[in-house]
Amino acid sequence: MRSKLLHNFKRKWLFSRPLLAMLCAAGGVSGMANAAPVKTSAHLTVNRFDITVSGRVVDENNQALPGVSVSIAGTTIGTVTDVNGRYKLNVPDTYAGRSITYSFLGFATQTTPISGRNEINITLKPNNTSLDEVVVVGYGTQKRINVTGAVGTISSKNIENKPVLNTYQALQGESPNLIIQQTNLNPGSDVTVNIRGVNSLGDNTPLVVIDGIIGGNLNTINPNDIASVSVLKDAGSAAIYGSRAANGVILVTTKAGRLNAKPTVNYNGSYGLQDANVLVHKVDAWDNAYYKNQSLINSGLPPAYTPEQIQALKDEGNGTWDIEHLLKKAPLQSHNVSISGGGETNSYYVSAGYQNQGSNLIGNGGSGADFGYQKYNLRLNQTSQIGKFKTNIILNYTKTRNKTNSVGDNNIFADANRVPHNYNWKDENGNYLTNPVASQYNEYGVLEKGGYNQADNDEIFGSFTGQLNVTKDLRITGQFGGTIQNNGTFFRRTQVDYLPAGVYGNDLSVLDGNSKSLLTDTKVFAEYSKKITDHTFKIQAGVESETYSQRGFQLQKTFTDPLLGTSTTGTIIDANASTNSIAVNSNALLSVIGRLNYSYKDKYLFEALFRNDASSKFAAGKRASFFPSVSAGWIVTQESFMQSLKNTLTTLKLRASYGTVGNQNVNNFQYQTTYFNYPNA
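Encoded structure:
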């Protein structure tokens, strides 16, 4: 209690000398003239100011810095510099052995010991951390200040603590012009993504590159494993990806260990409840009847309800037929653990994650486990340095299960909203009801007992990178990687009977399917960097080969066993919905890439890059196309005539870019005559 009173008293004395004078006059404090600390009658220790420190704070160009925060380290005692950068700070003698901290936005914080000095002048240096940070661009990195294209960056700290399981959801709102919309209520469902709006015909999804490998899946990657994300928004920055860059590019870099770092274990977990609030609500049952009469009268038709019937609806109250009775609160949990570290020549990062997101829709389709989405992640990132040769191995395994209803969300919401509020989903005996408006389906019964659609997917992502530093200026990089997927689907529709009439799922349909795919990406490129006085050059050139193949089957049967879903007497194979394909979905892309970066005195910037793509998706003679771009930048604040504004305007850069990008998001073999089988062919 004593220390708390002392702290409060000292704070008041520091800012109110009249208060001290009043205390002395009243006899509360005695013997204050140039004396050591004395005890008051209330047993409070009072310190007088024995040291006054003054000085001036300027920047590296000797320009005054007004508004700099000047404080005694570890205390709340402080002041700020005036318009001339000058300050005066009274220091109690008990703090004379401490240091003074100088901090100002845009400049590195500086701490200096007092050491008995009465005058301390400080020069603060600009804090260019954000401008000097390395930004991932296509096939390399650049300092942010030197980037001449439209590139947005997102760091791990912006996304790793969000209570979401999907990386796309974690990226929502984190980068201008990156538009992410979830159009489906089901957990684990795909989202709609575009950069700067819709840019081309057909598919407008941006190209995704994870750790340098084309075609990654952001739906399955663990958000906690992401170190940074770069968004290439314009043709000037995205043309290096040529025929797939029309919709922009999202570059993801995952976390890695550090050299000479002790093992570090991190755990990140969260648990919450999702409450789906539907903003559109039905009018009351009696209100609906009233407005129904109004619409009929306005159309010259007789009303459908008498005043007595409307009053009866009001007295009876609303039924349960609405979307709110089909929704529930659903749990959401995530658990992630990682171990990272490294020695003198190697570093490692190992992580494991588990995510579980329940569905807000009631029921489980009569199959036990509720609708929802589960995901398991395992990841390894290992880097080794052997002389001039550096290797990096990345392995990632992801297993997901997504279980949804058998009818689709659109039907559920449509039927729940179009029926007046005086009807119920179920009667007192638990029977599922239909009515004159919804004469076919009762979605409550479909969700509880109508079957389910389950997707079980396994994905293995791998990358091996080797980098040889031939000289201090020249290095050669080779990378091979890809993704293997095994996707299984099981759909079952079971019969639900309604009262007074109607039935769902009496075809007892069962679909069992599997799809396997392999994507490979191989590239070799060289990079040469050189600085000659005020001129800095960097040249990149390389080749790349990508292949993709997919095959699968699905078998759909109707009139299966009502309890087991297996074939029985009367089971029919649905030939229209059954397929058996072997390597019919495949394509390849061969590419040559190049980039030139040049800067003069780190204030005049120029970049030129190109890609030449040859795609198997197009006919011979029309498969290749050239995609160039040029961009330039001028860091105006580096000019001498801008130095007077450096305190107000820290960085001003003008840039311009022009480029050509393409779109090859079309189906395979469209330039050929194709055949398919059908019943009785």
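Read in order, the letters of the sequence shown correspond to residues -35 to -1, 1 to 646 in mature numbering (1 follows the signal peptide of the UniProt record, and there is no 0).
For every residue, glycine included, the Cβ atom is placed at its ideal position computed from N, Cα and C.
Since the structure is predicted, the reported quantities are computational estimates derived from the model, not experimental observations.
- Comparing alpha carbon positions, the residue from Tyr255, Thr639 and Thr615 closest to Ile275 is Tyr255.
- Asn253 sits buried, since 16 or more C-beta atoms from the chains shown fall within 10 Å of its C-beta.
- In the assembly as shown, Lys488 is a buried residue. Its beta-carbon has 16 or more other beta-carbons within 10 Å.
- The Cβ-Cβ distance between Ala29 and Val35 does not fall below 7 Å.
- Non-local beta-carbon contacts of Glu289 in its own chain, meaning distances under 7 Å to residues more than five positions away in sequence, involve Val243 in chain order.
- In the DSSP assignment, Glu572 forms a beta bridge with Asn562 and Ser596.
- Looking at the DSSP output, Pro91 sits in a beta bridge with Phe72.
- Runs of the beta strand (DSSP E) spanning 3 or more residues and lying entirely within the region 29 to 81 occur at 34 to 37, 43 to 45, 51 to 57, 64 to 68 and 75 to 78, in chain order.
- According to the DSSP assignment, Glu408 belongs to no beta strand (DSSP E) but to the alpha helix (DSSP H) extending over Glu408 to Lys414.
- The region 181 to 192 makes contact with the region 210 to 230: 3 or more CB pairs, one atom from each, lie closer than 8 Å.
- Taking a cut-off of 8 Å on C-beta distances, the region 445 to 458 does not touch the region 389 to 408, as fewer than three cross pairs fall below it.
- Cβ neighbours of Ser480 within its own chain (closer than 7 Å, five residues either side excluded): Asn452, Gln515 and Gly517.
- Partner residues in the beta bridge of Lys503, as assigned by DSSP, are Ser494 and Asn562.
- Segment contact: the region 55 to 66 against the region 133 to 143, fewer than three CB-CB distances shorter than 8 Å; contact not assigned.
- Burial check for Ala381: the Cβ neighbour count within 10 Å reaches 16 or more, so the residue is buried.
- Burial check for Ala200: the Cβ neighbour count within 10 Å reaches 16 or more, so the residue is buried.
- In the displayed model, Phe606 falls within a helix according to three-state DSSP.
- Taken through DSSP and simplified to helix, strand or coil, Glu509 comes out as strand.
- In the three-state reduction of the DSSP assignment, Gly177 falls in the coil class.
- DSSP places Arg383 within a helical segment (H, G or I) once states are collapsed to three.
- Contact check for Asn169 and Asn212: beta-carbon distance about 5 Å, within the 8 Å limit, so the pair qualifies.
- Two segments are said to touch when three or more pairs of C-beta atoms, one from each, lie closer than 8 Å; by this definition the region 589 to 605 touches the region 616 to 629.
- Annotation: the region 139 to 169 contains the following complete segments of the beta strand (DSSP E) (minimum length 3 residues), in chain order: 143 to 146 and 157 to 160.
- In this structure, Asn225 and Gly307 form a Cβ contact; the two beta carbons are roughly 6 Å apart against a cut-off of 8 Å.
- DSSP, read as helix, strand or coil, puts Pro128 in coil.
- Secondary structure of Arg223 (DSSP, three-state): coil.
- Inclusion of Gly446 and Arg458 in the CB contact set at 7 Å is not warranted, their separation being larger than that value.
- Note on Tyr640: under 16 other CB atoms within 10 angstroms of its CB, so exposed under the neighbour-count rule.
- Looking at the backbone, the Cα of Lys340 and that of Gly234 are separated by about 14 Å.
- Between Val163 and Ile85, the C-beta spacing is not below 7 Å.
- When only Cα atoms are considered, Thr356 and Thr348 end up about 6 Å apart.
- For Gly201, the enclosing alpha helix (DSSP H) begins and ends at Ala200 to Ala203.
- The beta-carbon separation of Asn184 and Asn131, rounded to 6 Å, stays under the 8 Å limit for a contact.
- Restricting attention to beta strand (DSSP E) runs no shorter than 3 residues, the region 330 to 358 encloses them at 337 to 351, ordered along the chain.
- Residue nearest to Leu610 within the set Asn27, Ile16 and Gly20 is Asn27 (criterion: CA-CA distance).
- Beta-bridge partners of Asp486 (DSSP): Gly446 and Glu511.
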